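Numbers in the working numbering are just positions in the sequence shown, counted from 1, shifted up by 846.
Data first, discussion second: the structure below is written as structure tokens.
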Amino acid sequence: MKPKNILLGLLIALLVVPGILLAGGEQTNMAIGFRVGLNRLDGDIDNPPFQPMYYGTLTYNLFEYLAVGFESGYSTIGGKVYGQADKDFKTIIIPYEGHLKFSFFPLSRVNPYVILGGGGFAWDYTIDGKTDTNEVTGEAKKGYDSFFKGGGGLEIALSQNHNIYFDLGATFRYSLTDMLDDLHSDFINHRNPLNDGVFNVYGGFTYYFRTSKRGDTDHDWVPDELDLKVEIPEDPDGYLDHDGVPDDVAQVPTLSYAGEIDTTVEDTQPPVVIHNPIHRIEQGHDVKIRAEIYENIKLKIASVIYRPVGESGWKVGKLRSKNGIAYEGIIPGRYVLPQGLEYCVIAIDEAISGVGYSGLPKLPIRTEVLSHPKMWRIVSSVAALIGWGGSGYLMLKKQ
């Protein structure tokens, strides 16, 4: 099979597979991405130049800390032909590979990750754009082989709901052939012969298909059991009470400034609470609650009430003013348990003209809790030690 046919088939798979996996309308963390970067041969020749690489990626999160990935693309490595300083060679590589991806801080804006994996590749050793041949046998210098890989990088979230990322990273691939540069270690009598490897650095973008959620028919992050209208999504306009029903645009009361209050004006407007819900948090971590609260006369109290999912009693925490309309409070980590967290943000003014809220006790905001974060960070550290340590050893070892 020609390398071009392999590449075409893999590109079709990258486009078709996400559609198949998303067709059921259930929650998925399937992602598709594109990377560009530079390759450098780690072989038997001195000072090889960097060459371009282009990769497409598929990723599926088994859960937040561990994902499986598939990559394919087109890359080249090259350098001077051994013993012929006036000639350059170029080896075309078309990989098809899989890996495990270990994340350290999947809910943070910047997430360091480690990858371990391997796969196969088609390679074609060329000079002047043509496949070179063995002078004795006439056999073309191309074929198929395998490799192991280790690497890592940073994912930087570009959107609030963490579905678009910018990636930066590096990878080392150690192949099971020593002929990518057409120069075997035994030929030049290396004392510690190694197969050829490829080091690359890359950047790119990844898009996660997180538009639907199990038990959330209209995909508005309000679970069906708490949603008053399961077929119609709530408006993401900031004036969210998170009961699953689209709201009319609220009239924001004029903010009262510090100083004298005009007691002759009747307060008939309740406070307006604007709060972006927290959908996921790690077990045992404090949850910082932020809200903007608008009140035209004087605010009496602003609170967050919370409880682990399945428990009956509510705990109450105070929201403190930070600067004018901005308020903050904390839900202690001891209440952030694996079964999940429910909470509401409540504001009441001095005139008790009504309640401003984001979530209500009967229809609370529900937050998913990720279990065992410390254990998975230890697992990721071990993976980093294996992948980065092994790659560093092979790259630095003198032949």
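Glycine residues also receive a C-beta, built at the ideal position from the N, C-alpha and C atoms.
All figures in this text were calculated on a predicted structure; none of them were measured in a lab.
Among the options, which one has its Cα closest to the Cα of residue i?
i, options, result
"Q1185", "G963, G1200, V1155, G1202", "V1155"
"F916", "P941, D888, C1190, V1047", "P941"
"I923", "K933, F948, N885, I891", "N885"
"L946", "Y901, G975, K995", "K995"
"T903", "R881, S921, D888, H1131", "R881"
"M899", "V956, I1010, S918, G1061", "S918"
"Y1053", "A1003, S1199, K936", "A1003"
"I1127", "K926, V927, R1180", "R1180"
"G1049", "L1000, Y1020, L1040", "L1000"
Taking all protein chains shown into account, do 16 or more other C-beta atoms lie within 10 angstroms of the C-beta of residue i, making it buried, or fewer, making it exposed?
i, result
"A986", "exposed"
"P1210", "buried"
"L1231", "exposed"
"G984", "exposed"
"M1241", "exposed"
"R1212", "buried"
"I938", "buried"
"Y1189", "buried"
"Q1006", "exposed"
"N1022", "According to the sequence displayed, residue 1022 carries Leu and not Asn. When all chains shown are included, L1022 counts as exposed."
"T905", "buried"
"D1132", "exposed"
"Q930", "exposed"
"E1196", "exposed"
"Y1011", "buried"
"D890", "buried"
Tell me the DSSP bridge mates of residue i?
i, result
"M899", "G883, S921"
"H945", "G915, G963"
"P1136", "This sequence places Arg at residue 1136; Pro is not what is there. Looking at the DSSP assignment, R1136 forms a beta bridge with E1174."
"K997", "Sequence inspection shows Gly at residue 997; the Lys mentioned does not correspond to that position. According to DSSP, G997 bridges with I961, T1017."
"L1165", "According to DSSP, L1165 bridges with nothing at all."
"A986", "T979"
"D888", "G1043"
"I973", "F935, K976"
"V1118", "Y1140"
"M1025", "DSSP lists no partner for M1025."
In the DSSP assignment, the alpha helix (DSSP H) including residue i goes from what residue to what residue?
i, result
"N1229", "It is worth fixing the name first, because residue 1229 is Ala in this sequence and not Asn. Per DSSP, A1229 belongs to the alpha helix (DSSP H) from 1219–1242."
Consult DSSP for residue i and reduce its assignment to one of helix, strand or coil.
i, result
"Y1181", "helix"
"D1195", "strand"
"D1070", "helix"
"I1124", "coil"
"E1141", "coil"
"Y1048", "strand"
"L1006", "Contrary to the premise, residue 1006 reads as Gln rather than Leu in this sequence. Three-state DSSP puts Q1006 in coil, outside helix and strand."
"Y906", "strand"
"G929", "coil"
"S992", "strand"
"E1188", "strand"
"A1148", "strand"
"R955", "coil"
"F1012", "strand"
"P790", "Absent from the model: residue 790. The displayed extent of the chain is 847 to 1245, so no value can be given."
Hey, is residue i close to the ligand COA, as in C-beta under 8 angstroms from one of its heavy atoms?
i, result
"P1219", "As for the ligand COA, it is missing from this structure, which has no ligand bound."
For the beta strand (DSSP E) holding residue i, just list the boundary residues, first then last.
i, result
"R1212", "1211–1216"
"R1202", "According to the sequence as given, residue 1202 is Gly; it is not Arg. 1201–1204 is the span of the beta strand (DSSP E), which, as asked, contains G1202."
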